[in-house]
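Engineer: Residue numbers for the sequence shown follow this note's numbering, so the first one is 155 and each next one is one higher. The structure is given below, and queries will be raised subsequently.
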Amino acid sequence: MNLFSAKWMVIVLMVLFSISFSSGTLSAQAKLTIKPDKTVLSQQLLKEPIKFFGSGWGAGETVVIELLIPKGIEMRGLGKEEDRVGIAVGTCNEKGDFETTMGTLATLNWFFQVAWIFDDKTTSMKSSFEKANPLPPGEYEILATGAITDKECRVYFEILPHTKGQ
């Protein structure tokens, strides 16, 4: 083996070593799972909320979970140009995994789109299901984004139509 080919061999090995070393931490694919991934909009969601499970994110990273609003669907409180709402936030453990739950306010505001009525006597707000405008049945895209790594993961969530007895 001559000196010229030995130099090239060393360069190739160094490049391969660099690529494999740097890609080990960056190449892990971010994943998001939603449970349940299909549901009927009912008040049962307030008792048993939607849960999000993630992996492949950065250690200690905050992951923002958003509902992407399809064209033609109006959301109370959003402008016409706004196309997403935050529905949950997760904080990753040292392995880059997280588990979080969709909060009651997010469920009321974005899935049920309840009206809020101010009570003068108690100076508090009450939700009104009578004036609600729930999301229609259909498939909705959920986007999870890492605040540090900017990793993204998109999954789908389905709202099922009501049937008799629900």
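C-beta atoms are modelled at their ideal positions from N, C-alpha and C, and glycine is treated no differently.
1) For the stretch 233-285, list the beta strand (DSSP E) runs that are entirely contained and at least 3 residues long, ordered along the chain.
2) Taking the beta carbon of PHE311 as the centre, do at least 16 other beta carbons fall within 10 Å, making it buried, or is it exposed?
3) Buried or exposed: LYS192, going by 16 or more other Cβ atoms within 10 Å of its Cβ?
4) Measure how close the beta-carbons of ALA213 and LYS305 come, nearest whole angstrom, since I'm counting them as under 8 Å.
5) Could you check if GLU202 is buried or exposed, using at least 16 other CB atoms within 10 Å of its CB as the buried criterion?
6) Using DSSP bridges, identify the partner residues of GLY300.
7) Below 9 Å between beta carbons: does that hold for ASP251 and SER282?
8) Pull up the distance between the alpha-carbon of PRO290 and that of GLN267, whole angstroms please.
9) Measuring straight from C-alpha to C-alpha, what distance separates LEU221 and PHE265?
10) How big is the Cα-Cα spacing for THR276 and THR303?
11) Could you pull out every residue in the same chain whose Cβ sits closer than 6 Å to the Cβ of LYS189, ignoring the five residues on either side in sequence?
12) To the nearest angstrom, how far is it from the Cα of GLY231 to the Cα of VAL239?
13) Could you check which residue in THR187, PHE207 and ALA182 has the C-alpha nearest to that of THR254?
14) CB-CB under 6 Å to ILE219, same chain, minus the five flanking residues each way: which ones, in chain order?
15) Which residues mark the beginning and the end of the alpha helix (DSSP H) in which PHE201 is found?
16) From the DSSP output, in three-state form, read off LYS225 for me.
Structural biologist: This is what the structure gives:
1) Secondary structure within the stretch 233-285: the beta strand (DSSP E) runs of 3 or more consecutive residues, fully enclosed, are 238-245, 252-255, 269-273 and 278-282 (chain order).
2) It counts as buried.
3) Its Cβ having fewer than 16 others within 10 Å, LYS192 is exposed.
4) Rounded to the nearest angstrom, the Cβ distance from ALA213 to LYS305 is 13 Å, too far for a contact under 8 Å.
5) GLU202 counts as exposed, since fewer than 16 other beta carbons sit within 10 angstroms of its beta carbon.
6) According to DSSP, which records beta bridges pairwise, GLY300 is partnered with VAL217.
7) No; because the gap between Cβ atoms is not below 9 Å, this pair is not in contact.
8) Going from the Cα of PRO290 to the Cα of GLN267 covers about 11 Å.
9) Here the alpha carbon of LEU221 sits roughly 10 Å from the alpha carbon of PHE265.
10) Using only the alpha carbons, I get a separation of about 45 Å.
11) For LYS189, same chain residues with a beta-carbon under 6 Å away, outside a window of 5 residues either side, are LYS205 in chain order.
12) Taking the straight line from one Cα to the other gives about 10 Å.
13) Measuring from the Cα of THR254, the nearest candidate turns out to be PHE207.
14) Leaving aside the five residues that flank ILE219 on each side, the residues in its chain whose CB is nearer than 6 Å to its CB run, in chain order, PHE206, ILE241, ALA242 and ALA298.
15) A small fix is needed here, since residue 201 is Lys in this sequence, not Phe. Run containing LYS201: 198-201, per the alpha helix (DSSP H) assignment.
16) LYS225 falls in the coil class under three-state DSSP.
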